[in-house]
Amino acid sequence: MSQPAADQEQVDQEVHFVPEGDEVSDENGVDTQSLASSTTSLADSIRDYVFENGRTYHRYKEGKYNMPNDERTGTWAIQYAEDHPEATVYEVDLSPTQPDFVVPNVKFEIDDIEEEWTYSQPFDYIHSRFMTSSISSWKEYLTKCYELCTRPLRHPLEEGRVFIEPPKLKPLMAEVGFEDVTLVRYKWPINDWPKDPRWKELGAWNLENNLGAAESLAMAPLTRAHEWSRAEVEVFLMEVRQDLRNRAIHGYFPL
Numbered sequence: 581m582s583q584p585a586a587d588q589e590q591v592d593q594e595v596h597f598v599p600e601g602d603e604v605s606d607e608n609g610v611d612t613q614s615l616a617s618s619t620t621s622l623a624d625s626i627r628d629y630v631f632e633n634g635r636t637y638h639r640y641k642e643g644k645y646n647m648p649n650d651e652r653t654g655t656w657a658i659q660y661a662e663d664h665p666e667a668t669v670y671e672v673d674l675s676p677t678q679p680d681f682v683v684p685n686v687k688f689e690i691d692d693i694e695e696e697w698t699y700s701q702p703f704d705y706i707h708s709r710f711m712t713s714s715i716s717s718w719k720e721y722l723t724k725c726y727e728l729c730t731r732p733l734r735h736p737l738e739e740g741r742v743f744i745e746p747p748k749l750k751p752l753m754a755e756v757g758f759e760d761v762t763l764v765r766y767k768w769p770i771n772d773w774p775k776d777p778r779w780k781e782l783g784a785w786n787l788e789n790n791l792g793a794a795e796s797l798a799m800a801p802l803t804r805a806h807e808w809s810r811a812e813v814e815v816f817l818m819e820v821r822q823d824l825r826n827r828a829i830h831g832y833f834p835l
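For what it's worth, my numbering labels the leading residue of the sequence shown as 581, then goes sequentially.
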């Protein structure tokens with residue numbers, strides 16, 4: 581394997597954001613307001629989603645994952661399958677929300693990745709991203725990945741059922757057997773406040789993503805664990821979105 585830097589960590593510390601201005605405005609030229617099949621036979625009950633506070637959630641293993649399933653998924657797997665027609669791509673999810681008509685080399689499975697893996701052959705590539713609040717034992721999960729992966733695992737570490745600091749996952753990967761583990765840190769501006777066009781565009785897309793994701797991330801935890809009402813959450817999120825759009829707040833996400 582090729583060897584990365586000595587400390588096996590890449591950090592974009594040379595990135596210094598320069599704000600374009602301190603005005604509290606979202607009028608910046610970017611419209612941030614707008615910017616298969618399965619291998620199992622699905623019972624009707626699996627498609628009978630849980631409806632709660634205007635959102636739908638998975639029925640299979642109900643309550644295990646706190647994000648709604650009404651925004652559909654599968655686009656990454658479909659794109660990867662289209663880019664690699666020689667490969668067979670599997671996507672595993674708790675909900676059968678994927679589109680019905682996809683390229684023939686992508687397959688969707690309804691399963692819980694924390695259960696025993698029953699795959700008969702190893703994978704060349706395992707991709708895992710934004711598994712926030714999905715995994716209870718990262719060591720067990722990474723062990724499964726190591727045992728079934730014939731090539732380096734690509735795993736953007738931004739995860740944790742109990743939110744875990746991503747750098748803590750690096751030694752876990754080494755512990756289960758992975759070699760040359762590299763931790764890459766990124767800075768994502770919360771909106772398009774930087775002056776540099778590259779970071780400005782990244783911030784605009786990050787803002788668009790977070791404006792749309794705010795309710796998905798907050799509704800179930802705040803209503804279930806903290807017993808807020810739906811109205812209380814919606815009012816709170818109005819203030820959150822206002823702050824996210826505020827270009828006078830020169831913040832960024834360390835990833």
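Just so you know, even glycine gets a beta-carbon here, dropped at the ideal spot from N, CA and C. The structure presented is a predicted model; accordingly, all values stated were derived computationally and were not measured.
Using C-beta distances below 6 Å, list every residue in its chain close to V761, excluding the 5 sequence neighbours before and after it, in chain order.
Cβ-Cβ distances below 6 Å link V761 to K750, M753, A754 in the same chain, with the five nearest sequence neighbours on each side left out; the list follows chain order.
Would you mind working out which of A798, V683, V686 sits nearest E812, comparing C-alpha positions?
It is A798 whose Cα lies nearest to the Cα of E812.
How long is the line joining the alpha carbons of A616 and T730, rounded to whole angstroms?
Residue placement at A616 cannot be trusted, given a pLDDT of 39 that sits under 50; the coordinates are not used to answer.
Of the residues Y766, L782, T668, which one's Cα is nearest the Cα of V682?
Among Y766, L782, T668, the Cα nearest to that of V682 belongs to T668.
How far does the alpha helix (DSSP H) with L824 in it extend, from its first residue to its last?
Counting along the chain, the alpha helix (DSSP H) containing L824 begins and ends at 810 to 825.
Thinking F597 and Y832 are a contact (beta carbons under 8 Å), I'd like their distance in whole angstroms, please.
Beta-carbon to beta-carbon, F597 and Y832 are separated by about 7 Å, close enough to satisfy the 8 Å threshold.
Can L728 and Y705 be called in contact, C-beta distance under 8 Å?
If you check the CB distance, L728 and Y705 do not come in under 8 Å.
Strictly by DSSP, which residues pair up with T698?
Paired residue(s): none; T698 is not in a bridge.
Let's test the definition: count the other Cβ atoms within 10 Å of the Cβ of S675 and tell me whether it reaches 16, buried, or not, exposed.
Its Cβ being crowded by 16 or more others within 10 Å, S675 is buried.
Pick from E651, A661, K780 that is closest to K687, judged by C-alpha positions:
Nearest of E651, A661, K780 to K687, Cα basis: A661.
Exposed unless 16 or more other CB atoms sit within 10 angstroms - verdict on D691:
Taking all protein chains shown into account, D691 has 16 or more neighbouring C-beta atoms within 10 Å of its C-beta and is therefore buried.
For Y670 and N685, what's the separation of their Cα atoms in angstroms?
In a straight line, the C-alpha of Y670 is about 9 Å away from that of N685.
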